[in-house]
Structures are given as C-alpha cells and as structure tokens.
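Asker: Just passing along the structure, written as structure tokens.
Number of protein chains: 2
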Amino acid sequence: MATALVANGDFSSGKSPDPVTGRFAAVYSEVQNSRLDHSLPLPSVLQKPFKVVAGPPSSAAGNPDEIAKLFPCLFGQPSAMLVPGDSAELSSSQSLKIGVVLSGGQAPGGHNVISGVFDYLQSRCKGSTLYGFRGGPAGIMKCKYVVLTPEYIYPYRNQGGFDMICSGRDKIETPEQFKQAEETAKKLDLDGLVVIGGDDSNTNACLLAENFRSKNLKARVIGCPKTIDGDLKSKEVPISFGFDTACKIYAEMIGNVMIDARSTGKYYHFVRLMGRAASHITLECALQTHPNITLIGEEVAAKQQTLKNVTDYIVDAICKRAELGYNYGVILIPEGLIDFIPEVQQLIAELNEILAHEVVDEGGAWKKKLKVESLQLFELLPPAIQEQLMLERDPHGNVQVAKIETEKMLIQMVETELEHRKQMGAYKDQFKGQSHFFGYEGRCGMPSNFDSTYCYALGFAAGALLHSGKTGLISSVGNLAAPVEEWTVGGTALTSLMDVERRHGKFKPVIKKAMVELDGAPFKKFASMREEWALNNRYISPGPIQFIGPVADKVNHTLLLELGIHA
Amino acid sequence: MATALVANGDFSSGKSPDPVTGRFAAVYSEVQNSRLDHSLPLPSVLQKPFKVVAGPPSSAAGNPDEIAKLFPCLFGQPSAMLVPGDSAELSSSQSLKIGVVLSGGQAPGGHNVISGVFDYLQSRCKGSTLYGFRGGPAGIMKCKYVVLTPEYIYPYRNQGGFDMICSGRDKIETPEQFKQAEETAKKLDLDGLVVIGGDDSNTNACLLAENFRSKNLKARVIGCPKTIDGDLKSKEVPISFGFDTACKIYAEMIGNVMIDARSTGKYYHFVRLMGRAASHITLECALQTHPNITLIGEEVAAKQQTLKNVTDYIVDAICKRAELGYNYGVILIPEGLIDFIPEVQQLIAELNEILAHEVVDEGGAWKKKLKVESLQLFELLPPAIQEQLMLERDPHGNVQVAKIETEKMLIQMVETELEHRKQMGAYKDQFKGQSHFFGYEGRCGMPSNFDSTYCYALGFAAGALLHSGKTGLISSVGNLAAPVEEWTVGGTALTSLMDVERRHGKFKPVIKKAMVELDGAPFKKFASMREEWALNNRYISPGPIQFIGPVADKVNHTLLLELGIHA
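So the protein sequences, as listed, match chains A and B.
Residue numbering for the first sequence follows UniProt numbering, starting at 1 and increasing by one per position.
Residue numbering for the second sequence follows UniProt numbering, starting at 1 and increasing by one per position.
See the structure below:
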C-alpha cells in the first residue's frame, strides 16, 4: 500500500514537509493510504451534460421583510436544480478562478468537498484555477492562499481533518473586513468562492455574496453545509457533512464502554458528547448504541426541567436497575446540557453580570448579588463546578460551557442523591461513576464512505453552481436514501434559511440552528424505546468504521429516519 | 447480515435476555454480526494429529531456590511443545470436564480463548463439558458456573468484552479459599481449569495448580496471557492478548486528535493512556502515530527524573516548536507516569503514612510531617492534584494512581513554566492545553484479526495441554511473525516466569512484570526517531481498525520489533 503515494510527485519524498501544512505525505498509515484511491461515485446527473433549472421564488425562515431589507440583491432567489440536458451558460471552454475556504471547527469530509470542486473544474472548465485560502476566512482577508493542484490535493482525498489549507474562526463582519475581501476578489480576479462552514459561516457567506453583488463584483459565493453537530439542515439540505462520521466514531467508543460496563458490572459510565447547541449527536449515538439513559437538551428545555429533575431522572433509573440486579450502566449527556436548563441559564447570566462588574471576594459577599433561586442552585453544585462557573470566561465574558465537565457534575449530584436514598432505604448498592468526554477524536476522523461520497458531491455541486453563475446558494444534495446515482444535486437560497435576531438594537441575519425536534422521527423512535433500554440491557456495539465490505456504506439513523426510512 | 444470529437457537429471539449476561443477542450491530462468522485460521500443528514433547527442565526468573520451596510439585517443569505425530496419551475417546475463568480487567479476545478451548474439546475430546465460571475467581470459589454450549458461545465469537461469563478481581489466596476451589473441582469432577488473566492471575493459577497437585486432585491448571498493558510476556510468550487491539483503538483516537491539532493549529493535546505499571501501550501508540512528545515511565525512572525535569522537557520542546511556527502538538503520557518519578513516589509514601495515622487539619499543620523535599514538591503541585493525592485512597490505603489526572497536572505545570519563560523573553506564543484520557474505550473493543486469531490459538493450546495432562503451564503460541500456519504451540512453566517478593516477612511468588526495556528494539526505534517527531510533524493517523481487506492483518510494532522484524 505504501506505494500509493510514491507515484505522486512532490508529496512522495517525505523528506521535507509541505511548507503550508507541515505534512510529510510519505508517513501515511496503511488505512490512510488505502483510502487515497477509494473511488467516489457521482450522482448520475453530474456524470453527463446538465443544465440548471430554477424552482419557485424563496422566502425566509422567519421575518422575511427584515431579511429582504438585509439582502436586497439576493432575497427571494429560487432554488437551483441540476437536470440532464444541454446548457448554453455552462460552457466547457470557460476557465474560472475560484477560491475555497474552510471555516470553523473541523468535520470529516472537508477535504472531499475541495476535491469535488477541483474535479468539477478540471472536468468541466478546463484551465480553471482553484485557490485554497489558508487558515479560514482570515486567509481571504489577508489574501493568504495556495494554488491547488492535483498533486497538492491528492494526498488529502478521503482523509480526515482540515489540514490541506487549515481552518479558522475569524469572521468577515466589519466594513473594513468586507473591503479586504473585495480586494482579494479583485486581486485574484475571482469568479467565485466556496465557503465550507456551519450556520454562522454560511450566514457570512451570504453577506459576502450580497456585498459582492451590490458592488458589481463578478465573484459569486456558494456555501457548503459543514458541522458534526448536525444542526445545519433544512428540507433541501438533509444533513450537514461530518455528522455521520463523528457519530460513528463516538458510537464505536460508547459501544466499547458498554461492553466494558457489562463485563465489569460495577460502573456507571457518564459520557459527555460534543455538540453544544443541539443534541443531534447524542440522539444519534443513542439510536446506534441503546444506552440506559440519554439526556436530550431540547427535551429538558421543553419540559422546563431543573438540575434536580435531571438528577432524579438518572437516580430513579439507577434505583430501578439496582432492583433488577444491574449495578452498572451507560448514560449519554450532550455537551450543551446545562445551556438547556432554564435555572442554570439564569444563574450563568447572573454570574456573567456579577463577574463583569464586581470584585469577587473570597469571603463570598458577592453571592448576595445572586437571586435567591440562583444562590440555592449555586450552593447545590459541586465545588469543582462552582469553580468552573467562576473561572472560565471567553473573550466576551461568557462561560465556556464546553469546558464545564457536566458529566462529573452529574456524577457528584447523583452520588449525593443516592446517598440520600440509601439512608431512606431505597437504594442498597455501591454507586461508582466513571466520566468520559468524547469530542476532538470525532472531529478529524477519516470520513465514512457516506461522508466521503456526500462531500465529493457537495463540492461538485458547488462547482456547478458557480459555473452557472449562481450566488448566495448553499450546495444541496438530496434523495440520499436512494443509491448515489439517483441523488439530486442543486443549491438552496441561503436567505431562505434565515431569520433575524436583534443584537445591540440592530437586526442581524442568522441561519436558524436546526434543533432536535421532539415530534421528529429520530426523537420519537428514541422515546419509544428508551424505557426498554433503561431497564433491560439492549446495548449495541457498532465497532470501528469499516471502509470496505457489506457494512461500509451504512448511513446514520437520524438521516434515514428523517427521510422516512425504517421509521 | 441480521440473519447471522437468527439461525442459532435461543440467542436469536432477542425477546428475553440471557439470564447470566443480560445480553439480547438480536441487538447486534452490522459489524458485530459480520464478525460472528469471521473464520479463524489455526496453526497447522493444531489441524492434524500432534504429540506433546518436553523441553529441558526450567528454573525461575529469580530466586530459584525460594520458588522451588514454594512450588515443590511443579518447580523445574519443562516447557511443552506440540509437534506433528501420533500420541497415546491424547486419546480422542477421552471426554474431559474443564472449567474456564476470566480474571481481572478486560482485554479484547478473551471470548476467543474460550471459543478455542471449547472447539478443541469438541474436535479432540468428544463428549467433554466446559464450565464457564461466572464473575471471575469468585465463581470458582462459590461454584457459580454456566455449562457452555455451541449456542451459548457462538454470539461471542470475535466479540469484545468479557461478558460471556464476566470477570472479577477476587483472588484465591487464603487456605479457606483454596479449600473452596478444591471443593468446586471435586464437585464438578474437573479434569482441568483454564485461567485467563494477567501476571497476578497467572501466579494464582500456578498456586492453584500446585495446590491441586499436592492434594492429589486430578484437576490441572493452565494459564493464558491476558492484559492490554502488554507487561506479561517472556521469550516463549511473545505477547499478551488484547494489547494489539487496545493500542490500535487508542492509536486511532490519537491519530484523529493529531489531525485536529494540525488543522486547528492552536492546541497542545495531552493524552494520558491506560497502562499503569509499564509504558508499553504508550510506546506502541507512539510508534503507530509519531507524536511530538512521548513520556516513557521506565526512562523517567532510569534517569531519576523529577517532575520539574519532565515539565522542562515538555516546555523545551514547546518553545523549540514555537520558533518553527508550530503552536500545537500532541503529547502522550502513560497512566502510571507519576509512579515512575522517585520524588513523587516518596511524597505519596509519606502521604499514605500520614493519612493512615494522623488527622489532616484544614490549617495544614499536618504538612509539617512531610520531609522538606516532599513538602516542596507538594506545594509545587496544582491544587486539584493536591486534592486528588489527599482524597483518593484504595481499600489498602494507597493512592489510586489511575484516578490522578496526570495530563491535567502537566498542563498546569507547563502553563506555569511557559509563563515564566515568557517573562524571560524565551516564549511568545499563547499556550492552550487540552486533556484526554483514553482507557476504558480500548479494553472492550472488538478484537483485531490478530487478537482474534492469537486468542483462538491460545485457547486451543490450553485445551491440548490439559488434554495431555499438563499443569502449571501458561499457554504459549510463538513464531508470530510467520503466517498463522507456521505458528508454534505449547506451554511454558509458570514457575519459570517467577521471582519472589518479600511481603510481611514472607516470600511471595510473583510473575515479574515485563517493563519497557530501554535497550529493547521498540524503545530504541522510538528513541532514534523522537527528535524528528518533536520538531517536524510526522503524524500518522492509523484510522479505525479494519477487519477485511489488505490492511486488516497488520500486527503491532512492538511485537514485530521484538521479533526482529523491520527493526
């Protein structure tokens, strides 16, 4: 397998690192090498001549009047759909200058989006140039880029990470920053830009598209739906890329921990999973592995639960399981859980306020500034969590929820409550909690076959949309339950996904995060089975992602259920 | 794939759990199902008639005179080796009653050892009975067992975990406990017992063998080398099972984190890895992934390093990397690190003493009992670690090293030292540490093809050794660098692996843990490359374990290097 790279020019020597990424291509693992030449099927519409047809005019996800004001050039754009046929505007003799940027946190498959854009240009717009902006949107503003070539891209095919051109979290927001982006577009004579990112980055992409259009720049902007969190989706964008792989990696680990729990018979494993705003990852992992207890943030919020409610819910299950002779279990917790608990939100808001304006004295006099309920809650929390709530602030003065070890907090609260029940004679066992956080190890895994193929199609779609002169759309690939050949390819107006939020007295456009819907098929399926999982042990161990063989092409439950399959 | 189980009797219904394990066989993942019928090749010597030949008499790893006194019946036994040929003593008409027990922590492949013993008996000793003792050695003492049948065993083939019969950490130590074991052996009319465990459990197995022999019981005892830690090995036992799989699972996660580190460019990931006594896992993971910094406990101990030395070593590398423009990296830390640091051992010993005898006052007057150097070290530690050192005690009054979050301690100490260097102008970047602990998720993973095959052969070997009347041996399968057909099969005298330790004025036999040897091939290879890895980024991402295809049969580096392959 080690020869796969040696045939490919500069990357084969492995003697000096690539100046941009520091990557030595020759030091690939066997699996990495085996993935390089994994062939990617394309939807049939992308294999032949196609034309782009427009759907009906679009509106917005909310407040269409405000969105129309914010996007005077772009509001109301129809969706675009690729269909077989010949097209005058898609001239193959036209060479394009396109930029691509990775924005925000990593998600498996990003490299394949870039490969898809590149291969589209190679096959349909000969002589085109693809610029990879380095380090995220800052690369656009500073005009830091690399010209992507087949040799440059090849070693990243089907590989995890964003290290081909790296990513960043900067935003193009201020008039000066928009000006910098314009200058880069002019300097490179850009025909288009592909922004691979989450909800914020795609909102930004649309603002950039609007800006370029209003200034009569020729550069168009197309977004691509990226986030392992799975909260950027709509009717036409059935899933964000990376979710499939990340969930499978977490589910592999959860399944292993489950088998461990059952083999040992004495630990409760509290597993916190990445995914801050929405609980899709936790829900999907539950559907894949059947844990005893799963907390879904959206449900906690809908039921207005308190931290005590959540603790009691866990403790009740532990006590019932003890009666059945099970003194072990696995509990899934979404990273953003405490963000969903109204009383905790209130406490955090008060703490943010106090910390921004007061000196926090060691004696604790500052606590008098808390409301009674918030003080009670604060005093209920384990000291380590109190400390985390007091110390960890982001540059905006907010608590960094991701750094709060919710799983450890819950273990301590459960311990205390079980001690209480023991005294009341309602529990006799010895509780041992074991905490886990699965996060970073999922963001940069090697993309599953689904993410590899889906991303490649998203990239092709982005290329086709730019080629046909579209702007302000998000690449959308649909009909995903069907074989790849039958997948649909097109673009959805970014403005149609938007609503406004009022910030500092101004309306700001935002793509609404797609939260777990409590009446959606994935949650309903979970809700119909969780009682059974709680008391009986229905653990499933998904095992490591397989890239070949009959199990390699399986897709996540959330997508299938949302598409109405095996519901 | 879901049909694989349906053909197999009781386990197929999935409607009611197995009473022992609570397992519903029907809720298997696709990968679990696909593994059930994975065929296991056998060494050719096990495929045909064989006889057992004896090697020269054995001695002990140390203090042979004391070992001879402790094992008067067994000391000096030769190794046994299976060779092709006919054998009078291996009558196929003989039916045996054999017990099997899983002892201690989980390791991938344990189920396959049991499958191997079972299949040996089925094919060579028709009409035999295999008893699975439940919950570890306690199952022997309490005579808690299940009669293993093909239907019972089938769903566990090539599956991770020890949940077929579960495990436990009890030991058969006191005269009463030995008596209980004897009673079970008599009650079940046992011809033999297979003990699947680590160094302690195999020491116990040998004591049990000696005991049975001295009481003229017919039951023989054969051990099997199990531990993910990789520290139970010798010339004839090249590797303990589970090490291969666990390292591959950790290496998958480390590889993912590396790609994440490079993509983001702003975090130092401190990864603590399971493996308390020896650093084999950390060393193997380093060889698989090429981290920037790797701490090997045995080297730290050999160099008599202090915590300050270790911190400086990390900080020096971070500063050098900063000069090269790299403000990120990955650092591997063995779980048992602080156990290897002489000054920390001293501090912990003093703390154990103080906590056992004194009241620890809040004012800190108790600290005066510490020696000056220990007090200095204690004051140097981050408060959270001070707390962990004070609070977490096992039933014997010792610090539970596994619960000390060494990775977080090092992050804080590195932070402090970098702050210092910043003030001196020797460092300019912004350091951000991210901590990880990879442990439980590796112990119960699905066994790799190597562990699956190796364990099956170990089980077959244990069956053959019992069949030929051997006792006090550990199942040994060798020539592992060759194709499976050429693997050698035999048994090694457990007494030959032993030395004595003096405890409470008495000699106790112990199998010496195989530590990382600083002049061994794995460490030397690592040492020859680590400078390169520290400064240049030579990260390798091994990806998820593959079960089919050309990369599925690859074996860990440690084993190959120790066997003299690709050194």
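Using N, Cα and C, we set each Cβ at its ideal position, and we do this for glycine too.
Give the DSSP bridge partners of D499(B), in chain order.
Answerer: In the DSSP output, where bridge partners are listed per residue, D499(B) has V510(B).
Asker: In the DSSP output, what is I98(A) paired with across the bridge?
Answerer: I98(A) is bridged to L130(A) and G192(A).
Asker: Is the beta carbon of L480(A) sitting closer than 8 Å to the one on L559(A)?
Answerer: Closer than 8 Å, so yes.
Asker: Considering only residues of the same chain and omitting the five flanking positions on each side of K554(A), which have a CB-CB separation below 7 Å?
Answerer: Same-chain partners within the cutoff: there are none.
Asker: With a CB to CB cut of under 7 Å and the five nearest residues on each side skipped, what residues in its chain are close to G478(B)?
Answerer: Correct list, in chain order: E236, P238, W487 and T488.
Asker: Is DSSP giving P171(B) helix, strand or coil here?
Answerer: The displayed chain sequence assigns Lys, not Pro, to residue 171(B). It is coil, neither helix nor strand.
Asker: Work out the CA separation of V300(A) and E343(A) for me, nearest whole Å.
Answerer: Taking the straight line from one Cα to the other gives about 11 Å.
Asker: Is it the case that the Cβ atoms of L287(B) and L332(B) are separated by a distance below 8 Å?
Answerer: The answer is no: Cβ separation not under 8 Å.
Asker: When you compare the CB of F547(B) with every CB in chain A, is at least one pair closer than 8 Å?
Answerer: With 8 Å as the cut-off, F547(B) counts as an interface residue toward chain A.
Asker: Touch check for the region 445-453 of chain A and the region 136-152 of chain A: three-plus C-beta pairs under 8 Å?
Answerer: At 8 Å Cβ cutoff, the stretches do not touch.
Asker: Which residues in the same chain have their Cβ closer than 6 Å to the Cβ of L70(B), if we skip the five residues on either side of it in sequence?
Answerer: Around L70(B): P509.
Asker: Determine the contact status of L96(B) and K51(B), defining contact as a CB-CB distance below 8 Å.
Answerer: Against a cut-off of 8 Å, the Cβ pair of K51(B) and L96(B) comes out as no contact.
Asker: Alpha carbon to alpha carbon, how far is F75(A) from V414(A)? Give it in angstroms, no decimals.
Answerer: Distance between the alpha carbons of V414(A) and F75(A): 51 Å.
Asker: Closest Cβ-Cβ distance between E176(B) and chain A: below 8 Å?
Answerer: No, no contact with chain A.
Asker: Measuring only between beta-carbons, confirm whether F24(B) sits less than 8 Å from chain A.
Answerer: Because the pLDDT of F24(B) is 48, which lies under 50, any placement of that residue in the model is unreliable, and the number read from its coordinates should be weighed accordingly. With 8 Å as the cut-off, F24(B) counts as an interface residue toward chain A.
Asker: Could you tell me the alpha carbon to alpha carbon distance between R213(B) and A219(B), rounded to whole angstroms?
Answerer: Cα-Cα distance, rounded: 8 Å.
Asker: Take A261(A) and list the residues in its own chain whose beta-carbon comes closer than 7 Å to its own, dropping the five residues that flank it on each side.
Answerer: Within the same chain, A261(A) has close Cβ partners Y267, H269, Y328, G329 and V330.
Asker: Give the residues from the region 397-419 of chain A that approach chain B closer than 9 Å (Cβ to any Cβ), ordered along the chain.
Answerer: Per Cβ criterion, the list is empty.
Asker: On the three-state DSSP scale, how would you describe L560(B)?
Answerer: If DSSP states are grouped into helix, strand and coil, L560(B) belongs with the helices.
Asker: Give a yes or no on whether 8 Å exceeds the smallest Cβ distance from A388(B) to chain A.
Answerer: One detail in the question is off: residue 388(B) reads as Gln in this sequence, not Ala. Chain A contact via Cβ: absent.
Asker: Within 8 Å (strictly less), CB to CB, does E362(B) reach chain A?
Answerer: So, not an interface residue.
Asker: Quick check: G197(B) and D499(B), are their CB atoms within less than 8 Å of each other?
Answerer: Cβ atoms of G197(B) and D499(B): not closer than 8 Å.
Asker: Pick helix, strand or coil for L410(B), following the three-state DSSP scheme.
Answerer: Three-state result, L410(B): helix.
Asker: Who are H269(B)'s beta bridge partners in DSSP?
Answerer: Answer by DSSP bridge pairing, in chain order: V330(B) and Q434(B).
Asker: Going by DSSP, name the residue or residues bridged to Y145(A).
Answerer: Answer is F133(A).
Asker: Determine the contact status of T264(A) and L273(A), defining contact as a CB-CB distance below 8 Å.
Answerer: Not in contact: T264(A) and L273(A) (Cβ atoms no closer than 8 Å).
Asker: Quick one: does K144(A) have its CB under 8 Å from some CB of chain B?
Answerer: No - not a single Cβ of chain B is within 8 Å of the one on K144(A).
Asker: Can you round the beta-carbon distance between T289(A) and I540(A) to whole angstroms, since I take them to be within the 8 Å contact cut?
Answerer: Rounded, the Cβ-Cβ distance is 5 Å, consistent with contact.
Asker: For V551(B), which residues of its own chain have a beta-carbon under 7 Å away from its beta-carbon, when the five flanking residues on both sides are left out?
Answerer: Contacts found: none.
Asker: Could you work out which residues of chain A lie near Q77(B), taking near to mean beta carbons separated by less than 9 Å?
Answerer: The contacting residues do not exist; Q77(B) stays about 32 Å from chain A at best.
Asker: How many angstroms separate the CA atom of S435(A) from the CA atom of Q412(A)?
Answerer: Taking the straight line joining both Cα atoms gives about 11 Å.
Asker: For R530(B), which residues does DSSP report across the bridge?
Answerer: R530(B) pairs with nothing; no bridge assigned.
Asker: As a quick exercise: from S167(A), A322(A), V27(A) and P542(A), pick the residue whose alpha carbon is nearest that of A426(A).
Answerer: When each option's Cα is compared against that of A426(A), the closest is A322(A).
Asker: For G22(A), which residues in the same chain have their Cβ closer than 6 Å to its Cβ, ignoring the five residues on either side in sequence?
Answerer: Note on G22(A): pLDDT 49, under 50, position unreliable in the model; the coordinate value appears next. Answer for G22(A): no residue qualifies.
Asker: Against chain B, which members of the region 222-255 of chain A pass a CB distance test of less than 9 Å?
Answerer: Here the close residues are K248, I249, A251, E252, M253, I254 and G255.
Asker: Could you please give the first and the last residue of the uninterrupted alpha helix (DSSP H) stretch that includes C319(A)?
Answerer: Looking at the DSSP string, the run of the alpha helix (DSSP H) that includes C319(A) is L307 to E323.
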